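Here the structure is laid out as structure tokens; the discussion comes afterwards.
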Amino acid sequence: MVRHSVPCTAPSPACACAQQVCGGLSPTPYCPDHSTTKEPVLEWHPAGGIRCTELTR
Ligand SMILES: [Zn+2]
Ligand SMILES: [Zn+2]
Numbered sequence: 003m004v005r006h007s008v009p010c011t012a013p014s015p016a017c018a019c020a021q022q023v024c025g026g027l028s029p030t031p032y033c034p035d036h037s038t039t040k041e042p043v044l045e046w047h048p049a050g051g052i053r054c055t056e057l058t059r
């Protein structure tokens with residue numbers, strides 16, 4: 003399942019993640035801001051799910 007993360011910190015210009023229309027991110031290990039080893043992330047939600055749709059609105 004593809005999940006988006008909603009990070010606690012806003013993406014910086016160094017962010018290497020794929021940014022989603024809902025405002026979430028698909029974190030990559032290469033991103034200095036949101037690499038998977040570097041929490042915290044506020045929230046995870048499934049791509050295309052109810053929460054994702056809510057955030058897109
Ligand atoms: Zn990032
Ligand atoms: Zn989403």
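Residue numbers (this note's numbering): 3 to 59.
Positions of the beta carbon are idealized from the N, C-alpha and C atoms, including for glycine.
Note that the structure is predicted; figures quoted are calculated from it, not measured.
Alpha carbon of Ala-49 to alpha carbon of Ser-7, nearest angstrom:
9 Å
With a CB to CB cut of under 6 Å and the five nearest residues on each side skipped, what residues in its chain are close to Thr-30?
Ala-18, Cys-19
Opposite Pro-29 in the DSSP bridges: which residues?
Answer is none; Pro-29 lacks a bridge partner.
Could you check whether the Cβ of Gln-22 sits closer than 7 Å to any heavy atom belonging to ligand 2?
yes
According to DSSP, what are the bridge partners of Glu-45?
Val-8
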